[in-house]
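Presented below is the structure to which this report refers.
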Amino acid sequence: MLDFKPLNTVRCELGEGPAYDERRNALWYCDIVQKAIHCCDLATGDTRSWTMASEVGSLGLADSGKLVVALRDEVGMFDPEDGTFERIASIEADRPDTRLNDGKVGPDGAFWVGTMDDGEGAEKRPIASLYRVDAAGYVERKIEGIKISNGLAFSPDGKTMFHSDSRGPWIDCWDFDPDSGAISGRRRFADLDDTIGRPDGGATDSEGCYWSAGVSAGNLNRFSPDGTLMSSQPVPVAAPTMPCFGGEGLDRLFLTSLRVGRDPAKLEANPLTGTVIVADSPVVGSPVSRFRDV
């Protein structure tokens, strides 16, 4: 059992996108609805925050030391040294009913980021897509017909991509070419439900297992490389959103969570909801690549 504790006192409305920065020994993450980027120094616990122009769907680390960031309908480079953001690509800017969501840097050095149906109502439509964005701003649509694109992660050898639809609710995996970013051989990895936990963000460990935040069930689910559910652990937040391995040995497990739309009784029973929680991990994580912008 993982013994989760709060990372700091920052409470997000919709915490997402944790990424461990080995150069700074820090954890970056975002609060989508508060339009905020946070960075926690793991040695001191000090946390810095920046407010962006629109919702912050996800982020990734770049070779230059900057961050590649997905705002509502654009991807750009954020420089934490001066707080500037420079757009490199627009995505679905003509669609007010969608926004950018989960994203992760792939082994090919590109930023993989998906959209979601952001319209009103509980029922989501399959109008979203998954995109690949490179440092030159070239955008390639890779997958269509998604309701909420989520769960991006890559196997330790870089040859498998995991991807989920939170409203599918399913997780798929693809053969991945680390050199070109080509994907092929789509296959169903897992079909899920509200009880096990609809799949939100994901991460992989050094054993090739896939960890999925079961946002609807308050669970953290670990799947074997062949899709077998190995463990499903309740966590002390009502709605976990994304796991991330970090620390200097990638032996700590961080987990973001959200508060928006949750039952007040569940929030009262889980007062850490909205914070980032962290535990010592029973397995070392798989490193996440950096965006090739230099």
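In the numbering used here, the protein residues as written are 1017 to 1310. Glycine included, every Cβ here is placed at the ideal spot set by N, Cα and C.
Per the coordinates, the alpha-carbon of VAL1026 lies some 14 Å from the alpha-carbon of LEU1058.
In this structure GLY1031 is in contact with THR1272, their Cβ atoms being roughly 4 Å apart against a cut-off of 8 Å. Under DSSP, the beta-bridge partners assigned to THR1220 are TYR1226. In the three-state scheme derived from DSSP, where H, G and I count as helix and E and B as strand, ALA1285 is classed as helix. The three-state secondary structure of PRO1280, taken from DSSP, is helix.
With three or more CB-CB distances shorter than 8 Å, the stretch 1180-1188 counts as touching the stretch 1196-1206. Exposed is the label assigned to TYR1154, since fewer than 16 other Cβ atoms lie within 10 Å of its Cβ.
Close CB contacts of ASP1173 within its chain, under the 6 Å cut and outside five residues either way in sequence, are absent. Within the DSSP bridge table, the entry for TYR1147 names VAL1129, ARG1157 as partners. Here ARG1064 has CYS1055 as same chain residues with Cβ atoms under 6 Å from its own Cβ, once five neighbours each way along the sequence are excluded. Within the stretch 1019-1089, the complete beta strand (DSSP E) segments of 3 residues or longer fall at 1031-1037, 1042-1047, 1052-1057, 1063-1067, 1074-1077, 1083-1086, listed in chain order. Of the residues ASP1195, GLY1161, ALA1198, SER1200, the one whose Cα lies closest to the Cα of ASP1181 is GLY1161.
The bridge partners DSSP lists for ILE1212 come to none.
Scanning LEU1043, ARG1306, ASN1237 for the CA closest to the CA of PRO1194 turns up ARG1306.
DSSP places GLU1108 in the coil class of the three-state scheme, outside both helix and strand. Out of VAL1310, VAL1304, PHE1270, the CA that lies nearest to the CA of LEU1018 is found in PHE1270. Around the C-beta of ARG1115, 16 or more other C-beta atoms lie within 10 Å, and the residue is accordingly described as buried.
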